[in-house]
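Going by this note's numbering, the sequence shown opens with residue 34, and the numbers climb by one from there. Each residue gets a CB set at the ideal place from its N, CA and C atoms; glycine is no exception. These numbers come from a predicted model, not from an experiment. Here's the structure we're looking at; comments come further down.
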Amino acid sequence: MLIWEKKIPEFLLFRKNIVNRILFTAAFALVFINIYAPFGVNTWFNVTKLELFLYSSGLILTGILVMVISRIIMFQISRKMRLNYLQYGVWEIAEISIMALVYTSLKIFFLHEKNDLVDDFVNSLQITALVVIIPYIIAALYFSWQDKTRKLESLEQQKDENPAKATKLLPFFDEKGVMRFSMFPSDIFYLEAADNYVTIYFLNKQKVSHYLIRNSLKNLEEYLSEYSFIRCHRSFIVNFEKVKLIRKEKDGLKLEIDAPTEMIIPVSKTYSQGVLDEFVKNG
Numbered sequence: 034m035l036i037w038e039k040k041i042p043e044f045l046l047f048r049k050n051i052v053n054r055i056l057f058t059a060a061f062a063l064v065f066i067n068i069y070a071p072f073g074v075n076t077w078f079n080v081t082k083l084e085l086f087l088y089s090s091g092l093i094l095t096g097i098l099v100m101v102i103s104r105i106i107m108f109q110i111s112r113k114m115r116l117n118y119l120q121y122g123v124w125e126i127a128e129i130s131i132m133a134l135v136y137t138s139l140k141i142f143f144l145h146e147k148n149d150l151v152d153d154f155v156n157s158l159q160i161t162a163l164v165v166i167i168p169y170i171i172a173a174l175y176f177s178w179q180d181k182t183r184k185l186e187s188l189e190q191q192k193d194e195n196p197a198k199a200t201k202l203l204p205f206f207d208e209k210g211v212m213r214f215s216m217f218p219s220d221i222f223y224l225e226a227a228d229n230y231v232t233i234y235f236l237n238k239q240k241v242s243h244y245l246i247r248n249s250l251k252n253l254e255e256y257l258s259e260y261s262f263i264r265c266h267r268s269f270i271v272n273f274e275k276v277k278l279i280r281k282e283k284d285g286l287k288l289e290i291d292a293p294t295e296m297i298i299p300v301s302k303t304y305s306q307g308v309l310d311e312f313v314k315n316g
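Set out below in structure tokens:
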């Protein structure tokens with residue numbers, strides 16, 4: 034899988050992080066424009082520092098409105114599907130371009146500037162990109178550090194509770210990145226998705242138990258890729274070490290799981306070749 038086809042980290046879509054990034058970007062833009070006056074923006078309108086502060090504050094509030102609308106739409110879409118890096122990058126570029134277009138329109142209709150429209154848009158695009166991309170990158174790095182710190186703390190907590198087994202446990206996180214459940218990979222049979230939830234079926238005292246977490250199977254598929262788990266259906270991921278039999282029936286392949294009770298997992302046509310390849314590799 035190419036880098037731009039990979040899904041973006043979940044922490045970029047957390048509601049709290051979205052709000053914090055918008056506020057940080059607004060504060061950065063206000064300070065940056067008024068202190069450094071990039072591209073000689075203070076000479077464009079022939080204004081004093083106070084007037085520049087007032088004008089820039091109004092423009093930034095308008096930009097915040099654009100960002101809020103954009104992020105609300107992105108958040109709603111992410112509840113159904115997580116964007117990959119390419120889609121996310123295109124979205125960011127479109128968001129910056131729309132803000133630049135709004136700023137250009139405000140300059141024309143409210144300040145009655147009669148400069149070339151294309152030049153005005155290019156200038157607005159340059160400034161917008163400069164004052165938005167820098168805080169975006171800083172915020173993303175900070176959120177990434179926060180996310181890794183939180184996961185490390187969760188693992189450390191497991192280690193304190195059970196130091197002999199902590200390094201062998203596989204933690205499962207919900208859609209907000211909070212550790213909800215941990216289990217030995219060898220004790221897990223399969224995962225089943227339903228709406229925005231995933232049920233994990235595992236061996237507990239020689240019986241089949243299950244645990245429900247709020248997350249998507251697509252997120253967990255990427256997370257479990259380094260283990261012996263494989264996607265076999267839009268609703269199922271199986272622990273391939275637990276598969277004792279693959280049989281072909283009229284309606285397709287079936288996986289029989291080595292469990293205390295009968296477990297038959299369907300294989301859809303989309304994933305059948307991948308399952309067969311895994312069988313050959315491990316055969």
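- Listed in chain order, the alpha helix (DSSP H) runs fully inside the region 189-254 amount to none, counting runs of at least 4 residues.
- Separation of the CB atoms of Phe-222 and Lys-275 is rounded to 5 Å, and the pair is thereby assigned contact status at 8 Å.
- Per the DSSP secondary-structure output, Pro-299 pairs in a beta bridge with Lys-287.
- For Arg-264, the uninterrupted beta strand (DSSP E) segment begins and ends at 262-266.
- For Thr-95, the closest of Glu-125, Thr-58, Leu-278 by C-alpha to C-alpha distance is Thr-58.
- The residues Glu-274, in chain order, have a CB closer than 7 Å to that of Ser-219 in the same chain once the five nearest residues on each side in sequence are set aside.
- Beta-bridge analysis with DSSP links Val-99 to no other residue.
- Judged by DSSP secondary structure, Lys-277 falls within the beta strand (DSSP E) whose first and last residues are 276-282.
- Per DSSP, Asn-272 is one residue of the beta strand (DSSP E) stretching across 269-272.
- With contacts defined as CB atoms closer than 7 Å, Ala-62 and Ile-93 qualify as a contacting pair.
- Taking C-beta atoms as the reference points, Phe-44 and Asp-180 count as a pair closer than 7 Å.
- Secondary-structure assignment with DSSP links Lys-40 through a beta bridge to Asn-117.
- Contact between Arg-112 and Ile-41 is ruled out by a C-beta separation of about 14 Å, above the 8 Å threshold.
- In the three-state DSSP reduction, Ala-59 falls in the helix class (H, G or I).
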